[in-house]
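To start, the structure under review is shown below, and the notes come after it.
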Amino acid sequence: MRAMDSALRRVRLVVAYDGGAYHGFARNPIVPTVANTLERVLTLICRLPVEVVGAGRTDAGVHAWGQVVSADVPADLDLVEVQRRINKMCGPTLVVRTAEWAPTADFHARFDATWRHYRYTILNSPTPNPFLATTTWHVRQSLDLRLMELATDPFVGEHDFASFCRKPRVEDGRKPRSTVRRLLIAEWSDLGDGLLRFDIRANAFCHQQVRAITGTLVEVGLGKRKAGEMAALLRARDRRTAGQVAPASGLCLWEVGYPEPGTPGHRRRPKADNEGPA
Numbered sequence: 371m372r373a374m375d376s377a378l379r380r381v382r383l384v385v386a387y388d389g390g391a392y393h394g395f396a397r398n399p400i401v402p403t404v405a406n407t408l409e410r411v412l413t414l415i416c417r418l419p420v421e422v423v424g425a426g427r428t429d430a431g432v433h434a435w436g437q438v439v440s441a442d443v444p445a446d447l448d449l450v451e452v453q454r455r456i457n458k459m460c461g462p463t464l465v466v467r468t469a470e471w472a473p474t475a476d477f478h479a480r481f482d483a484t485w486r487h488y489r490y491t492i493l494n495s496p497t498p499n500p501f502l503a504t505t506t507w508h509v510r511q512s513l514d515l516r517l518m519e520l521a522t523d524p525f526v527g528e529h530d531f532a533s534f535c536r537k538p539r540v541e542d543g544r545k546p547r548s549t550v551r552r553l554l555i556a557e558w559s560d561l562g563d564g565l566l567r568f569d570i571r572a573n574a575f576c577h578q579q580v581r582a583i584t585g586t587l588v589e590v591g592l593g594k595r596k597a598g599e600m601a602a603l604l605r606a607r608d609r610r611t612a613g614q615v616a617p618a619s620g621l622c623l624w625e626v627g628y629p630e631p632g633t634p635g636h637r638r639r640p641k642a643d644n645e646g647p648a
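Here the sequence shown stands for residues 371 to 648, numbered as in my numbering.
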């Protein structure tokens, strides 16, 4: 994404969407995606081709409350009207929560992000709840939250998460993408009425990392694994050693963090593209 001329200005949108209505964020010419939808609508509004960039490339079925999107649009647009029109054409499955001009001309929703925060919600109850079916993972058997909390501690910090990431594709002549990530927060909350929430924040995530960690911790809660195994799983760096990938329905990209303009780290551009679909 780049500004094409002086008549364009970069916009920053905070977008929420129901992941069940889309085949992920990334553009795809065959199936409806979040990027496809936003680009189609913005192109209609702006009367010129618009490309969007998202902070996180969420997988099919994964929701978002705080996805950040950047795009170049005509500088004379009324952003309040842009937000209203997008929400009218795309709501309620996709809405723009805020629309504002980007803090800098070269702001990049993806590469300028310093952390991503995901939330995973589990309904731990013998009986399903039809009103929560599309936003939670229903686990019927009783989970031991205390053991899951103990098992979570080793994940915080910088580690190679190869055991919890879908094996990255190796492109010809290139080294495999790194699976080293720095987890800033990983914690469970009991919300009552059988709802358990897992909050996890990192500088970046590799493909299916959050869901693989969640699935493995649920196995701990069910007594299928010991809480003390997690450090050994990290050392193994082998996806086959860790647990199942939790369903997409329970996962939500909650918030994305950025440095203040002018502070160290602003306009950071990584040497490699290390942010994979969650």
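Beta carbons: idealized from backbone N, C-alpha and C, even for Gly.
Remember, predicted model here, so these are calculated numbers, not experimental data.
- Looking at the DSSP output, Trp-558 bridges to Phe-568.
- In its chain, beyond the 5 residues on either side, Phe-395, Ala-396, Arg-397, Val-422 and Gly-424 have a beta carbon closer than 7 Å to the beta carbon of Ala-405.
- Ala-434 sits away from Cys-576, with the two beta carbons spaced by 8 Å or more.
- For the pair Thr-403 and Val-580, the Cα-to-Cα distance works out to about 21 Å.
- Burial is judged here by how many other beta carbons sit within 10 angstroms of a residue's own beta carbon; Met-459 has fewer than 16 and is exposed.
- The criterion of a C-beta distance shorter than 8 Å is satisfied by Phe-477 and Arg-380.
- A straight-line Cα-Cα distance of about 20 Å links Cys-416 and Ala-479.
- When DSSP states are grouped into helix, strand and coil, Gly-627 belongs to the strand group.
- For Thr-491, the enclosing beta strand (DSSP E) begins and ends at 485 to 494.
- Assigned with DSSP and collapsed to three states, Arg-382 falls in strand.
- The alpha-carbon of Thr-584 is positioned some 8 Å away from that of Tyr-490.
- As the crow flies, the alpha-carbon of Pro-524 is around 46 Å from that of Pro-419.
- Here the segment 466 to 477 does not lie against the segment 549 to 565, with fewer than 3 beta-carbon pairs under 8 Å apart.
- Counting the other Cβ atoms within 10 Å of the Cβ of Val-401 gives fewer than 16, which makes it exposed.
- Taking a cut-off of 8 Å on C-beta distances, the segment 493 to 504 does not touch the segment 461 to 473, as fewer than three cross pairs fall below it.
- The three-state secondary structure of Val-509, taken from DSSP, is strand.
- Taking C-alpha positions only, Ile-456 is separated from Leu-447 by approximately 13 Å.
- Within the model, the alpha-carbon separation for Val-443 versus Lys-537 is close to 37 Å.
- Under the DSSP assignment, Leu-515 falls in the alpha helix (DSSP H) whose first and last residues are 515 to 522.
- Shown here for Arg-609: same chain residues with a beta carbon closer than 8 Å to its own, the five before and five after excluded, namely Ala-532, Ser-533, Phe-534, Cys-535, Arg-536, Lys-537 and Ala-582 in chain order.
- Taking the Cα positions, Val-432 is about 27 Å away from Gly-593.
- A distance below 8 Å separates the beta carbons of Gly-564 and Leu-493.
- With respect to the 8 Å criterion, Val-590 and Gly-436 are not classified as neighbours on the basis of their beta carbons.
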